[in-house]
Amino acid sequence: MGIRLVQAKDDDFDRVFEIACDAFGRNEPMWDVFYPKHWTEEGRRKGADKMRRMNAADPHTEFILAVDEAFNEIMGMSKWNVYAPNTIPDFAGISRAVGDYYESEEERAYAGAMGKLFVQPRNEAILASGGNLVSLDILTIDPKHQRKGIGNALVQWGTRKADELGVEAVVESSVFGKAL
1 MGIRLVQAKD DDFDRVFEIA CDAFGRNEPM WDVFYPKHWT EEGRRKGADK
51 MRRMNAADPH TEFILAVDEA FNEIMGMSKW NVYAPNTIPD FAGISRAVGD
101 YYESEEERAY AGAMGKLFVQ PRNEAILASG GNLVSLDILT IDPKHQRKGI
151 GNALVQWGTR KADELGVEAV VESSVFGKAL
């Protein structure tokens, strides 16, 4: 099986988000916070739209897809944040541009507080590096294509990008992704 790595286009995000939801299921509490009701049709539509907006709004974001060369099927994806050279992102501006899909002010406040705690170590690393960093934000593989080297290929994309730019790469993981 050949794997081709390509940048996501707007019309890819429905499939990209479907893969992420299938891979994470209800096992990742922060996924539930960032993408409310992602297990429903409406939640998946909103989540795909949020990713699409994120891709358009954040100049540091690169969604990379792993595509089966024989069948042209998207098998996995990674979201890399490429902060180089000497780039400190406007986190608040990006967040405003992406928007949110929370149904109540209480949900919005909870997600904001949890999100701030969740990304704090990453944001500290970005600031400490002076904006010279490549950071893995999300990596998901369609469950039917897991354990085929796809995750490794997507991680290598980011580490090669960091090497090209002469900066460090930060690879984060939930408990489920530690094997990569």
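Residue numbers (the UniProt record's numbering): 1 to 180.
A virtual CB, placed ideally from N, CA and C, is assigned to each residue, including glycine.
From a predicted model like this one, the values you see are computed outputs, not experimental measurements.
Local Cβ density within 10 Å of Phe24, reported as buried at 16 or more and exposed below that: Around the C-beta of Phe24, 16 or more other C-beta atoms lie within 10 Å, and the residue is accordingly described as buried.
Cross-strand partners of Asp68 (DSSP beta bridge): According to DSSP, which records beta bridges pairwise, Asp68 is partnered with Ile3, Glu73.
Inter-residue CB distance, residue 205 and Ile64 (contact presumed, cutoff 8 Å): Because the chain spans 1 through 180 in this model, residue 205 falls outside it and cannot be assessed.
Candidates Gly115, Ile141, His60, Glu107: closest to Pro89 by CA position: Here the closest residue by C-alpha is His60.
The region 110 to 126 touching the region 46 to 53, judged by at least three CB pairs closer than 8 Å: These segments do not touch.
Candidates Lys161, Trp157, Glu107, Ile74: closest to Pro143 by CA position: Closest option to Pro143, Cα to Cα, is Ile74.
Given Glu106 as reference, the closest of Val155, Thr87, Pro36 once Cα atoms are compared: In terms of CA proximity to Glu106, Pro36 leads the group Val155, Thr87, Pro36.
Best match in Asp11, Gly130, Trp80 for proximity to Lys161 [C-alpha to C-alpha]: Taking the Cα of Lys161 as reference, the smallest distance to any Cα among Asp11, Gly130, Trp80 is reached at Trp80.
Rounded C-alpha distance that separates Ser78 from Ala56: Here the C-alpha atom of Ser78 lies approximately 16 Å from the C-alpha atom of Ala56.
Inter-residue spacing [alpha-carbon to alpha-carbon] between residue 181 and Ala66: Because the chain is modelled from 1 through 180, residue 181 falls outside the range shown and cannot be assessed.
Whether Leu133 touches Val155 by CB criterion (8 Å): No. Outside cutoff.
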